[in-house]
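K.L.:
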Amino acid sequence: MARFELYPDFPSHLSVPDGFVPTNSRGHFTAHNGPIFMAETAGDLRSGFFVLDRHCNGLGFLHGGMMSAFADRSLAVAVWSASRRMSVTLKLTLHYYETVRLGDWVEAHPSVQSVGDGVVQVSADMKVNGAKVAARADATFKLLRRPQKEG
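Just so we're aligned, residue 131 is where the sequence shown starts under my numbering, counting upward by one.
(1) Compare the C-alpha of A199 against each of T160, P240, V258 and name the closest.
(2) Considering only residues of the segment 188-258, which uninterrupted beta strand (DSSP E) runs meet the minimum length of 3 residues and lie entirely inside it, listed in chain order?
(3) If you draw a straight line from the C-alpha of M168 to the C-alpha of S177, how long is it?
(4) Note down the Cα distance separating N154 from P165, rounded to an integer number of angstroms.
(5) At which residues does the beta strand (DSSP E) containing F180 begin and terminate?
(6) Nearest by alpha-carbon distance to E237: which of Y137, L205, W210 is it?
(7) On the DSSP bridge list, what partners appear for D268?
(8) If you compare alpha carbons, which of T223, H239, T229, E228 is closest to F282?
(9) Under 8 Å by Cβ, that's how I've got D139 and D183 pegged, so tell me the actual separation to the nearest angstrom.
(10) What does the Cβ neighbour count give for H185, buried or exposed, with the cut at 16 atoms within 10 Å?
(11) Would you call the segment 224-233 in contact with the segment 188-195, where contact means no fewer than 3 C-beta pairs closer than 8 Å?
(12) Please identify the residue among P141, G149, V151, L273 whose C-alpha is closest to the C-alpha of R214.
(13) How big is the Cα-Cα spacing for A201 and A267?
(14) Could you compute how far the alpha carbon of M131 sits from the alpha carbon of S253?
(15) Could you compute how far the alpha carbon of A265 sits from the alpha carbon of K257?
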């Protein structure tokens with residue numbers, strides 16, 4: 131798959147779960163930390179990634195900052211799905227429950243809690259290998275107005 135040419139360190143023995151496809155990158159940060167995969171079924175907001183060496187801290191576990199960045203991205207996708215508007219994160223809280231290891235599949239299961247007055251409340255369970263909840267993310271996003279066209 132040509133998409134993986136961007137990620138020469140992606141181990142060939144890892145198999146992406148059925149129903150997931152690579153996402154298009156949205157900037158250098160996401161491109162560097164990918165690949166990120168999305169569920170391909172309409173309405174299914176799950177996303178996932180495999181923990182690679184570059185995602186790990188000095189102890190060899192998934193770095194909390196990577197989990198946070200992945201959660202933020204996953205929650206933003208849910209906000210977009212609910213509102214069809216761009217947004218910015220106002221608050222993001224994570225609770226970590228499990229250690230995530232090299233090679234593990236991390237999957238976000240986001241849900242929109244409320245939408246109103248230009249603010250969206252969202253949450254996600256971050257599951258490891260489809261089973262244990264490794265972290266829980268809760269966030270508040272502010273919806274942005276689309277810029278007016280000139281002329």
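C-beta: ideal position from N, C-alpha, C; glycine also.
P.N.:
With the structure as the only source:
(1) One-based indexing of the sequence shown puts residue 199 at position 69. For the residues T160, P240, V258, the minimum Cα distance to A199 belongs to T160.
(2) 217-226, 235-246, 249-258
(3) Position 38 of the sequence shown, counted from the start, is the residue given in the question as residue 168. Position 47 of the sequence shown, counted from the start, is the residue given in the question as residue 177. About 4 Å.
(4) Taking the sequence shown and counting its residues from 1, the one referred to as residue 154 is at position 24. Taking the sequence shown and counting its residues from 1, the one referred to as residue 165 is at position 35. When rounded, the distance between both Cα atoms is 9 Å.
(5) As a first step, residue 180 must be located in the sequence shown, where it is residue number 50. Here the beta strand (DSSP E) through F180 covers 177-180.
(6) Position 107 of the sequence shown, counting from 1, holds the residue named residue 237. For the residues Y137, L205, W210, the minimum Cα distance to E237 belongs to L205.
(7) If you number the sequence shown from 1, residue 268 lands on position 138. Beta-bridge pairing links D268 to T223, S253.
(8) This structure gives no information on residue 282, because the portion of the chain shown stretches from 131 to 281.
(9) Here residue 139 corresponds to residue number 9 of the sequence shown, with the count starting at 1. Here residue 183 corresponds to residue number 53 of the sequence shown, with the count starting at 1. Contact flag correct, Cβ pair sits at about 7 Å.
(10) The sequence position of residue 185 within the sequence shown is 55, counting from 1. The residue in question, H185, is buried, as its Cβ has 16 or more Cβ neighbours within 10 Å.
(11) yes
(12) Start at 1 with the first residue of the sequence shown, and residue 214 comes out as number 84. R214 has its Cα closest to that of L273, out of P141, G149, V151, L273.
(13) Within the sequence shown, residue 201 is the residue found at index 71, counting from 1. Within the sequence shown, residue 267 is the residue found at index 137, counting from 1. One C-alpha to the other measures close to 7 Å.
(14) By 1-based counting over the sequence shown, the position of residue 131 is 1. By 1-based counting over the sequence shown, the position of residue 253 is 123. Interpretation of M131 is limited by its pLDDT of 39, a score under 50 that renders its predicted location unreliable; no figure is taken from the coordinates.
(15) Here residue 265 refers to the residue found at position 135 when the sequence shown is read from its first residue. Here residue 257 refers to the residue found at position 127 when the sequence shown is read from its first residue. Computed Cα separation, rounded: 7 Å.
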